[in-house]
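The working numbering puts the first residue of the sequence shown at 2, with every later residue one more than the last.
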Amino acid sequence: MLGDVENRSVSPVFVGRAGEMTALTEALSRATAGEPQALLVGGEAGVGKTRLLEEFLGEACAQGAVVAVGGCVEIGAEGLPFAPFSTALRALRRTLPGELAAAAEGQEGELARLLPELGDAAGPEPYNEDSTARLFELTVRLLERIATDRTVVLALEDLHWADTSTRHLLAYLFRTVTRGRLVVVATYRADDIHRRHPLRPLLAELDRLRTVRRIELPRFTRTEVHRQLTGILAAEPAPALVDDIFRRSDGNAFFVEELVVCQENGCEPGGLSESLRDLLLVRVERLSEDAQKVARIVAEGGSTVEYGLLAAVARLPEDDLIEALRAAVNANILLAVPDGEGYRFRHSLVREAVSDDLLPGERSRLNRRYAEALETDCTLVRADERTTRLASYWYHAHDAAKALPVVLRAAVEARKRHAHAEQLRLLERAMELWDDVPADVRASLRPIDYAEAYPACGCPETTPLGYLDLLAEAAVAARLCGERERALKIVKRALRLLDDEEDPSSASGGRDPERAAWFWTERSRLMSNLGRGDGWAEIATAQELVRGLPPSAVHAKVLAVAAGWGMLHAPGPESLAAAERAVEYARLVRAEPVELNARLTLGGLMVDAGDIEDGLAEMYAVLGRARELCVRNEAGRAYVNIPSCLEAVGRSREAVRVAQEGLAFSRECGLRDNEGWVMTNLVESQISLGHWDEASEGALRLQRIAYSTKPRGGAHLRRAELAWLRGELSIAAEHLELARDSYGKHDPMLQYLLPLAHVQLGVAAAEGRLADVRDGFAEAARGGFPVGCHRYAWPLLLIAATAEADARGLPGAAEGRAEAVALIRSYARRLATPVPVWQAHALFVAAELARAEGSDDADRWAEVVHVLGPLERPYELARARHRWADALLARGGRRDRSTELLREAHLVAVHLGARPLREDVELLAARARLSLRPPVAAAPEPDDEGFGLTPREQDVLRLVAVGRTNRQIAEELFISPKTASVHVSNILAKLGVSSRGEAAALAHRLRLLPEVPA
2 MLGDVENRSV SPVFVGRAGE MTALTEALSR ATAGEPQALL VGGEAGVGKT RLLEEFLGEA
62 CAQGAVVAVG GCVEIGAEGL PFAPFSTALR ALRRTLPGEL AAAAEGQEGE LARLLPELGD
122 AAGPEPYNED STARLFELTV RLLERIATDR TVVLALEDLH WADTSTRHLL AYLFRTVTRG
182 RLVVVATYRA DDIHRRHPLR PLLAELDRLR TVRRIELPRF TRTEVHRQLT GILAAEPAPA
242 LVDDIFRRSD GNAFFVEELV VCQENGCEPG GLSESLRDLL LVRVERLSED AQKVARIVAE
302 GGSTVEYGLL AAVARLPEDD LIEALRAAVN ANILLAVPDG EGYRFRHSLV REAVSDDLLP
362 GERSRLNRRY AEALETDCTL VRADERTTRL ASYWYHAHDA AKALPVVLRA AVEARKRHAH
422 AEQLRLLERA MELWDDVPAD VRASLRPIDY AEAYPACGCP ETTPLGYLDL LAEAAVAARL
482 CGERERALKI VKRALRLLDD EEDPSSASGG RDPERAAWFW TERSRLMSNL GRGDGWAEIA
542 TAQELVRGLP PSAVHAKVLA VAAGWGMLHA PGPESLAAAE RAVEYARLVR AEPVELNARL
602 TLGGLMVDAG DIEDGLAEMY AVLGRARELC VRNEAGRAYV NIPSCLEAVG RSREAVRVAQ
662 EGLAFSRECG LRDNEGWVMT NLVESQISLG HWDEASEGAL RLQRIAYSTK PRGGAHLRRA
722 ELAWLRGELS IAAEHLELAR DSYGKHDPML QYLLPLAHVQ LGVAAAEGRL ADVRDGFAEA
782 ARGGFPVGCH RYAWPLLLIA ATAEADARGL PGAAEGRAEA VALIRSYARR LATPVPVWQA
842 HALFVAAELA RAEGSDDADR WAEVVHVLGP LERPYELARA RHRWADALLA RGGRRDRSTE
902 LLREAHLVAV HLGARPLRED VELLAARARL SLRPPVAAAP EPDDEGFGLT PREQDVLRLV
962 AVGRTNRQIA EELFISPKTA SVHVSNILAK LGVSSRGEAA ALAHRLRLLP EVPA
């Protein structure tokens, strides 16, 4: 509006920062080559972050990149949700309208939460953690699509003011962006990051990511200050002046500029106070009265104030206002924002100093003027900022009656944008205001958003909002944004109100059992999540509260939660009946999301009880219905539970297929936590199938992405298991300890305790600690093995029996063996064998126990091998073949069969990297003087197994045949490009060809692939 103005104190010469500029331009080059880049630029206020960013963005534009800048907005004391991302996306929309529309196609409703210009935001969804993750995932994919054919630089300024949602989205972007010509540069003020600053944990987290580069800007040296002064003064400065300004500015570029201005305006050398506030205010105090007044108004209005709003608050004649603004801009105190008619302070330190200089009454009066102006004309600010800013203005105006309704509206808007941290802050502010608001104003408020199955009270159109309703909303918001401690405090407060009948909004003044049950259910979930307990006492209290009440959504939820708890902690007839009751109640009250949750639990319990096909059919039906209704929570849970149940019945290949589908679904929907749970089950099934390299990579990735403690514990458990099986015992012990820490001690579940004990016993056996194996098994089996736990118990029995057999003949092993073998056998007799994989384990355990007692029968081992053969358990099969060969050689028969068995076992051990098994096989072969080298084949000819290709190699060959690259194969099969390359090399060797094209041609000619996708 004011056009170009004079900038006398700003150096026209870009001083120093050569190393930092090189780092930024190198990142730009790598991004242009297709490798996304993430950088953090930090430094104290005034050190030159903005100037460095401006120079870099100018260079990026010169190289043809598209630049989008967004800044974190401070409104009062808090940030506007997603402000920098909204601003940057708005800039991209102006620059690339067609490209952004195409990239957002089909997801406009979700992305409108960040960029309202895309249309109306998607309709209300049930509260859940995954809705925010989905928005984050869609945002990342949007940026990747836009940056597919062009280099895009996304610059986010002033992270020290970032709201919680912005910080979470930025962390997600830095962790997950993998494609596109994208550079993300974020700046923050390092001297503001005190020990309790919310940005501090994020910076620590990002420091651990190898993909994020952090650049810290130091202060200028004396030489650099000399160059800066030369540029400002357009002349060589006197050495004494350089020394004086360098000493007083301490190399801070902004202070250098301020001190030069003071020098030029006739201030006596050394006359300024050493206090920062005085230094910053000195130029403001030289302005006219009107200009100082405008500066004070802008300082209190937020980071940026629109011209129309400023005019309404200043109440000056327009000509006087323009002159005052021109004076402030000419003095380099204010700047006109580039994308609209608004103004901001050139440096935030000056704004803070001016705001701090306001008198308390003056601050309240200015905030009231802002609020009144905005209420009079709501078009003065953008629609997506209107409610949040109005809430802030009324709050800081200390008008509780005006503030409370608009604060509640702002909380609803924050929830609709999945900005749950900001929603929580606003709801806590509403709780703070509650007692100061007149009763008639509170009576006019209506419930804002019933939280999940929280019970409605009367008619929403006529029933006023109660304080308990506010607590329920805040509890859910706190849980969804990860503030579980705060959520627990809020829930405890609500339960105290209900117990003491203190709720000021309760018309009857009596206890409300439905609401109390709802809060107890929330408390159960929080206690479990925080590791304070298993949550059963809270569920039992909730059950008692709803007992005898008419069916309701709360009653159904309590039953569903109880059934889910039973499935994990006490599977059996009682939990099955509880799940059936939960389904009936949910159907009765037409709460279908709760019904789907209960049906999924019911299906899992049916599988545990032996009704395998019907149970799995029920779970698949829930998955289909949840996807049809877009109930992503329950669909995601189904993708977790179905692979787990499939693994439990030995259908590991099907489990991998469903889990991979679940990973794709979780990533598409942004279900970050769900992805970790699915990955946990996928890795377990990959280990069973002998896909150990893929499982190792998956466990490592799971360790990085796990959002909850249990999946993180699963990652460490599987890494410990693989390390033990590969003979890396110290690594196994390290990950076992980390797994125990992740699982915690307050919520014991057999699905975690027994696998931990299994690996712990394996490590102890490998180290020759038989006494520890016996003690560990007795401790793990002390409470018995409930229904459904056979999948965890059989491996435990097998390792204990194997340890006894391997120790036979060792000094001191005989003492206590009879008791140990009898204990193992007693549990084996009572343990279920509902499917072939556990029948095979039962035979394996019996054979090992017989070996422990000195009766190593080759016929027993032949039966074990025969049963294991078709079950796709290569490691167990190789072990059984080794034992069979040993038994055959011990009785002096069939050396040819023994040689064949040992060669097969050795091949598997080498392929898996199972060093202990490989060494055992090699030792037996050497003792028996058998060769493990396979006979040389005359020429490769196709056989029934397709040239000996493994199932995984056949999957890779199918993709090679349709022209996929190694990276594309890796993405489709959820493996690394390196592993894909190894598979391709193995395929070429087995087929006897030298190129991928020859491999594809041979596969088609010999019909190795029944169906090759077009």
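Every residue gets a Cβ at the ideal spot worked out from N, C-alpha and C, and that includes glycine.
Treat the numbers as computed from the prediction; the structure is a model and nothing was measured.
Does DSSP classify residue i as helix, strand or coil?
i      : result
Val1   : What the structure shows of the chain is the stretch from 2 to 1015, and residue 1 is not part of that stretch, so it cannot be assessed.
Leu40  : strand
Glu319 : helix
Val438 : coil
Ala46  : coil
Arg146 : helix
Glu307 : strand
Arg190 : strand
Ser996 : coil
Arg895 : coil
Gly71  : strand
Val299 : helix
Val14  : coil
Val184 : strand
Leu703 : helix
Ala398 : coil
Ala239 : coil
So residue i is in the beta strand (DSSP E); what residue range does that whole segment cover?
i      : result
Cys216 : For the record, residue 216 in the displayed sequence is Ile; it is not Cys. Its beta strand (DSSP E) spans residues 213-217.
Tyr744 : No beta strand (DSSP E) contains Tyr744, which is instead part of the alpha helix (DSSP H) from 730-744.
Thr26  : Thr26 -> not in any beta strand (DSSP E); alpha helix (DSSP H) instead, spanning 19-33.
Leu288 : From DSSP, Leu288 is part of no beta strand (DSSP E); its letter is neither H nor E.
Ala766 : Where Ala766 is concerned, there is no enclosing beta strand (DSSP E), although the alpha helix (DSSP H) it sits in stretches over 751-767.
Whole angstroms is fine: what's the gap from residue i's alpha carbon to residue j's?
i       : j      : result
Ser274  : Asn333 : For Ser274, the pLDDT reaches just 38, beneath the cut-off of 50, and the residue's location in the model is therefore unreliable, although a value from the coordinates is still provided. Roughly 21 Å separates the two Cα atoms.
Ile732  : Gly745 : 20 Å
Lys294  : Ala187 : 33 Å
Ala940  : Ser986 : Residue placement at Ala940 is poorly supported in this model, since its pLDDT is 43, which falls under 50; the coordinates are not used for a value here.
Leu112  : Ala829 : 56 Å
Ala927  : Val760 : 29 Å
Ile613  : Pro199 : 49 Å
Asp860  : Ala538 : 52 Å
Ala848  : Pro835 : 19 Å
Ala1001 : Ala660 : 28 Å
Pro943  : Arg882 : Unreliable placement is indicated for Pro943, whose pLDDT of 47 sits below 50; the coordinate value is still reported in the next sentence. For Pro943 and Arg882, the distance between alpha carbons rounds to 25 Å.
Gly17   : Arg965 : 48 Å
Val641  : Asp615 : 18 Å
Asp164  : Asp358 : 25 Å
Asp887  : Ser899 : 8 Å
Arg390  : Thr522 : 35 Å
Thr710  : Ser743 : 5 Å
Give the range of the alpha helix (DSSP H) segment to which residue i is assigned.
i      : result
Phe175 : 165-177
Ser363 : The sequence given here has Glu at residue 363, not Ser. That run of the alpha helix (DSSP H) goes 361-377.
Val226 : 223-234
Tyr344 : Counting along the chain, Tyr344 falls outside any alpha helix (DSSP H), though it belongs to the beta strand (DSSP E) covering 343-346.
Glu158 : Run containing Glu158: none in the alpha helix (DSSP H); it sits in the beta strand (DSSP E), 153-158.
Gln518 : According to the sequence shown, residue 518 is Ala rather than Gln. Element bounds for Ala518: 514-530.
Chain C beta carbons: is any one of them nearer than 8 Å to that of residue i?
i     : result
Arg31 : Within the model displayed, chain C is absent; a lone protein chain is all it includes.
Segment contact flag, the region 645-653 with the region 815-828, C-beta cutoff 8 Å, min 3 pairs: no
Residue ranges of each alpha helix (DSSP H) within the region 899-986, 4 or longer: 916-929, 952-962, 967-974
Inter-stretch contact (C-beta, 8 Å, three-pair minimum) for the region 137-154 and the region 12-20: no
The region 434-443 touching the region 410-424, judged by at least three CB pairs closer than 8 Å: no
Sufficient close CB pairs (3 or more, under 8 Å) joining the region 203-210 to the region 56-72: no
Stretch-stretch touch, CB-based, cutoff 8 Å, three pairs: the region 513-528 with the region 556-570: yes
Contact the region 324-339 vs the region 385-405: 3+ CB pairs below 8 Å: no
Three CB pairs or more closer than 8 Å across the region 596-604 and the region 571-583: yes
The region 560-569 touching the region 533-549, judged by at least three CB pairs closer than 8 Å: yes
Contiguous alpha helix (DSSP H) assignments of at least 4 residues, all confined to the region 619-691: 633-649, 653-670, 673-690
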